[in-house]
Amino acid sequence: YLLTPYGDFLVGVTSRAYGDATVACGEGGIYGRPDLLVDQIEAAAGVPVLRGPEPLLVEPIVAIRGDAGESIVDPNDPKAGTSHNFTITTQPMKGQAAVSPEGILRVCVNADATPGDTEAVVVTVTDKADPMRAIAKRFVVSVAANEPADGTCDPTAFGETEGGGCCDSGGQGAGGSALLALLGLVALNRRRRR
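Shown next, in the form of structure tokens:
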């Protein structure tokens, strides 16, 4: 076992070959790979084994052509209270993206993007105290089939909606209610895991 501040991890399984062996892990002893051992346990028990923090499934970001869509980048860090840096690693092919220091991802899609197409944005999340602890998260951006927005889109205008097709029938920005619903789903998902 490898004992760390982030948890205890099974790194291998060994056995002594026979009763009078003089070397603990030698003389015919076996070494088993933990991934194959877990596969064997899952097959025998018929139940999946949790191998670590599961990546959060993120709904695709929906953006109107010429406008933006937003999402929250959740590091899903098992070490509570950790601060993170967020960096855009891969920009969308037809648009621009930015991420705030708090992890709000905003993606502007070009007005000439094809409705129904998808784009991808990759955000790298890094532990501020330990830069070696980093993970890349991929977000899918779906281009909505609405009329293109007539305003210019600023990828750094976090929490704002642009004009031209982004609003619901009541005249309120639809982006805020979608973001609120997303936050509610994330909170509900976390509550279920505990």
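Here the working numbering = 1-based position in the sequence shown + 2. Just so it is clear, CB atoms sit at the ideal spot from N, CA and C, and this is done for glycine as well.
Bridge partner(s) assigned by DSSP for K139: Within the sequence shown, the letter at position 137 stands for residue 139. Its beta-bridge partners are V125.
At least 3 beta-carbon pairs within less than 8 Å: the segment 40-50 vs the segment 84-93: no
Spatial neighbours of R140 in its chain, beta-carbon cut-off 7 Å, leaving aside the 5 residues before and after: Reading the sequence shown from its first residue, position 138 is the one you call residue 140. Counting only Cβ-Cβ distances below 7 Å, and skipping sequence neighbours, we find A122, V124.
Validate contact between the segment 142-162 and the segment 77-87 using beta carbons, cut 8 Å, 3 pairs: no
CB of G97 within 8 Å of CB of A151, strictly: Here residue 97 is taken as the residue at index 95 of the sequence shown, counted from 1. Here residue 151 is taken as the residue at index 149 of the sequence shown, counted from 1. Not closer than 8 Å, so no.
Reduced DSSP category for V40 - H, G, I as helix; E, B as strand; rest coil: Within the sequence shown, the letter at position 38 stands for residue 40. In this structure, V40 counts as helix in the three-state DSSP scheme.
Cβ-based burial, A70 [other Cβ within 10 Å; buried from 16]: Position 68 of the sequence shown, counting from 1, holds the residue named residue 70. Buried is the call here.
Nearest-angstrom Cα separation, counted from D41 out to C110: The residue you call residue 110 lines up with position 108 of the sequence shown. The residue you call residue 41 lines up with position 39 of the sequence shown. Approximately 42 Å, taken between the alpha carbons.
Assigned secondary structure, G113 (DSSP; H/G/I helix, E/B strand, else coil): One-based indexing of the sequence shown puts residue 113 at position 111. The question names Gly, yet the displayed sequence has Ala at residue 113. Correct three-state label for A113: coil.
Residue closest to D79, alpha-carbon to alpha-carbon, out of I66, V127, S73: For this step, residue 79 is matched to residue 77 along the sequence shown. The residue with the shortest Cα to Cα distance from D79 is V127.
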